[in-house]
Structure formats: C-alpha cells, structure tokens
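**Q**
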Amino acid sequence: MISTDRNLFKDGSEVKQRIIEYGSLAEELHIIVFNSGAKFEKQNFGNVFLYPTNSFTKFNYILDAIKTGKKIIENWKLKIENSSDKFLVTSQDPFECGYVGYRISNTFKIPLHLQIHTDFLSPYFAGESVLNKIRVRLAKFLIPKADGIRVVSDRIRKSLVSSFPPEARLAKGGKFQVSRISVLPIFVDIEKIKNAPIKTDLRRKYNKFGYIILMAGRLAKEKNIEMVFGALAVITKEYSSTGLVIVGEGAKKKRLINQAKRLGLENNIVFEDWTEDLASYYKTADLFVLSSNYEGYGRTVVEAMAAGCPVIMTDVGLAGDVVRDRFNAFVIPVKDRQKLYEDLRLLLVSPERGKDLIFAGEQTLRDFPTKEQYLEQYKKSWEMCL
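Position one of the sequence shown corresponds to residue 163 (my numbering), numbered consecutively onward.
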C-alpha cells in the first residue's frame with residue numbers, strides 16, 4: 163500500500179486503528195508512507211509493516227517510495243518462492259501514490275489497485291492549482307492501467323464511467339472494466355457516535371451564542387469557508403447572537419482569522435484545534451455546514467447526521483446519493499452564498515425543519531454497513547484485482 167498519511171505513525175490515531183483492521187484481510191500488509199522533514203522509524207504491529215520514505219525533500223518521495231517498494235517485493239518473493247500466494251499493490255490516490263504503485267506493479271507484473279478519495283474530475287479541483295492540473299493528467303494516464311478501482315462515492319464512479327468509456331480505455335492500452343469499480347466510503351461507526359457521551363457542551367462553553375453553527379475539517383482552499391463568513395455577516399445583522407465554531411487546522415487558518423476580523427465577526431467566530439471528541443460538538447451544535455467546492459465523500463456529514471445535527475452542504479461528494487436535498491439535509495449549489503444564507507436563515511427561524519432533517523437522517527443511516535460488513539466489502543475490492 164502506498165500512502166501519504168503520516169498519522170499512521172501516531173499511536174492511538176484513528177487511521178492507525180483502521181489500517182490494523184485492513185491488515186486482518188491479508189497475510190501481510192506493507193505500507194510505504196511519503197514523508198520528509200521529521201524522521202520516522204520503521205514500525206510493525208502484527209502483520210502490518212510501516213515504511214517511511216524519510217525523504218530529503220518532497221521531490222524525492224516518488225523515487226524513494228519506488229526503491230522501498232521494490233525491496234519489499236524482492237524480499238517477499240525470496241521468502242515465498244514457489245508459493246501460490248498472490249500479490250497486490252494498492253495506492254491511496256491516483257496521483258503521486260498511484261504512480262509509485264504503477265511503477266512497482268509494472269516492474270513485477272502484479273495487479274494494481276487504485277483508491278480515489280477526492281473528486282479530481284470536478285472542474286474546481288483542476289482550477290485550484292497548476293499541481294492539481296498535473297495530477298488530473300497523471301490520473302487519466304494511470305486509471306486505464308488499473309486492475310481495480312475503489313472510489314468513495316457514487317459521484318466519482320459516475321465521473322469515471324463517463325470519462326473513461328471502453329473505447330478510450332482500450333485505445334490507451336487499458337485493462338480495467340467498469341465492473342471493477344467498487345464504491346466504498348471510509349467507514350463511519352454510526353452506533354459509536356450515537357452512544358458517545360457529551361464531554362464538551364458547546365452551548366455551555368459558548369453561552370453567548372443563541373444559535374451555534376459548526377464546521378470541522380482541514381482549513382484549506384477547497385473548503386471555501388469564506389462563503390460561510392459572507393453568509394454569516396448578513397445573518398448576524400438580524401440575529402446578532404449567531405455563532406460559528408470552526409474545528410480544524412490548515413494552511414489558511416491565519417488568513418481566515420484575519421478575514422473574520424475584517425468582516426467584524428471576531429465575536430461571532432471561534433477557531434478551535436482539532437479534537438477527537440467531535441461527537442460532542444455535533445450533538446451540542448444547532449447546525450453543521452460543509453461548504454466545499456469539491457469532496458470525494460464528506461464523512462463529517464454522515465457523522466453529524468449520526469449525532470442528530472441538521473446539515474447544510476454544497477452539492478459535492480455524497481450529495482445526491484446518501485444525502486438528498488430537503489429530505490435529510492439541505493443541499494445548495496457550490497459557491498452559492500445567497501442560497502446558503504437563505505437556508506441558514508430558514509433553519510434558524512424554523513427549528514422544526516431541522517428536526518425533520520434529523521429524523522430523515524436517522525432513517526438513512528439504518529442501511530449503513532456494520533464494521534464486519536464493511537471489511538468484507540473492502541476485501542472484495544482487493545480480490546477483484548486478482
């Protein structure tokens with residue numbers, strides 16, 4: 163497995179626990195993790211092995227990861243020569259990680275499995291930076307080469323089907339089939355969130371707010387948090403005690419803090435560091451908002467629904483699939499600040515509408531898989547490549 167998630171080296175992290183569970187699906191799971199700057203030690207727990215690239219710079223990630231991957235396969239083949247065991251390379255994205263996986267797969271003639279966690283075919287993704295434009299081109303090269311693909315939403319699956327018709331795949335020497343695209347989001351433990359005790363009560367912590375809006379995630383450009391600021395600036399002219407609590411870290415944090423001051427919202431917006439107790443925040447907020455320009459899925463939306471918090475989200479990720487507008491959430495067009503303001507105001511003045519969304523959300527989540535069912539589906543996404 164090729165990954166960029168350095169939290170794998172953090173004891174007690176959610177992703178580390180998740181990867182241990184994935185390890186139970188294979189005889190051995192070897193994970194190469196891109197990193198530079200801070201050095202990590204190789205780790206193993208049970209049959210899961212972690213290999214940091216410990217690269218000098220980010221520009222060395224790819225070559226270092228390819229070298230590490232080749233060593234792992236060569237050593238493994240020596241151990242089980244004349245064995246019938248099967249090998250698989252799975253990459254956590256169809257970009258840099260995907261290219262490393264492709265090189266290893268191509269060298270040893272073993273199946274390639276690509277995982278797609280972001281909606282890279284959204285025009286907003288490519289329009290965000292030159293690097294993203296390059297990533298889109300790389301993904302379009304790699305996807306036809308894959309033996310199987312796992313996507314996290316039906317939105318991404320539909321985009322792939324329309325962008326890679328059979329004739330295009332064959333013309334590029336492709337081999338993957340539409341039937342080998344599996345839709346499998348990141349697992350959300352619905353019952354755990356429902357049963358989680360309230361450790362932090364936002365209404366008590368911020369009792370100056372009469373209505374609390376919550377946002378949680380990376381403070382990055384694609385999250386378009388500025389749009390929420392714009393809607394809040396209008397809302398507070400009529401409902402001055404409306405508050406926004408933002409939980410997360412990211413490159414844009416300082417800029418967002420300064421923007422809140424420029425808009426005169428410093429008394430209405432609170433920034434908090436990331437917490438592992440988000441369930442408490444969902445349960446004691448009045449509304450959860452996701453304002454992204456693009457998303458692969460939008461797990462925080464599912465978490466908020468599981469905690470009984472009404473949701474407004476842009477038309478990204480799981481919208482149109484798990485989430486339906488005016489049924490279990492309010493879905494607004496991407497970058498539509500006026501519509502966001504209108505829906506915010508509607509839920510603020512009509513709490514019963516929020517209760518209807520909560521009830522419908524509970525019904526929706528009843529069909530979500532258990533952890534055992536999820537792991538079985540994850541294993542099948544690997545097996546379809548073999």
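Glycine included, C-beta positions come from ideal geometry on N, C-alpha and C. Keep in mind it's a predicted model, so treat the numbers as computed, not measured.
1) In terms of alpha-carbon separation, which member of Leu527, Thr362, Glu353 and Asn455 lies closest to Phe282?
2) Starting from the Cα of Arg380, find the closest Cα among Asp498, Leu394, Gly410 and Phe371 and give me that residue.
3) Whole angstroms is fine: what's the gap from Lys302's alpha carbon to Pro472's?
4) Taking 8 Å as the cut-off, does the stretch 460 to 475 touch the stretch 439 to 447 (at least 3 CB pairs, one atom from each stretch)?
5) On the CB-based measure, 16 or more other CB atoms within 10 Å of its CB, does Leu480 come out buried or exposed?
6) Helix, strand or coil for Lys334? Go by DSSP, reduced to three states.
7) On the criterion of 16 or more Cβ atoms from any shown chain inside 10 Å, does Arg366 qualify as buried, or is it exposed?
8) Enumerated in chain order, which unbroken segments of the beta strand (DSSP E) with a length of 3 residues or greater are wholly contained in the stretch 363 to 430?
9) Measure from the alpha carbon of Ala378 to the alpha carbon of each residue in Ile360, Phe530, Ala466 and Ile355, then state which is nearest.
10) Could you say if the stretch 213 to 225 and the stretch 190 to 199 meet the contact criterion of at least three C-beta pairs nearer than 8 Å?
11) Note down the Cα distance separating Gly372 from Lys414, rounded to an integer number of angstroms.
12) Phe521: buried (16+ other C-beta within 10 angstroms of its C-beta) or exposed?
13) Could you tell me if Leu304 is buried or exposed, where buried requires 16 or more neighbouring beta carbons within 10 angstroms of its beta carbon?
14) Short check: CB of Leu346 to CB of Ser543, under 9 Å?
15) List the DSSP bridge partners of Gly310.
16) Would you kindly check if the distance between the Cβ of Phe530 and the Cβ of Val350 is under 9 Å?
17) Closer than 6 Å by C-beta to Phe492: which residues in its own chain qualify, once you throw out the five before and the five after it? Chain order, please.
18) Which residues mark the beginning and the end of the alpha helix (DSSP H) in which Phe467 is found?
19) Take Arg515 and list the residues in its own chain whose beta-carbon comes closer than 7 Å to its own, dropping the five residues that flank it on each side.
**A** Here's the rundown:
1) Asn455
2) Gly410
3) 37 Å
4) yes
5) buried
6) The predicted position of Lys334 is uncertain, since its pLDDT is 48 and thus under 50; no value can be drawn from it.
7) Result: exposed.
8) 373 to 378 and 404 to 409
9) Ala466
10) yes
11) If I take the Cα positions, the gap works out to 27 Å.
12) exposed
13) buried
14) yes
15) His275
16) yes
17) Ile474 and Asp505
18) Looking at the sequence shown, residue 467 is not Phe but Met. Run containing Met467: Arg461 to Ala468, per the alpha helix (DSSP H) assignment.
19) Leu508 and Leu509
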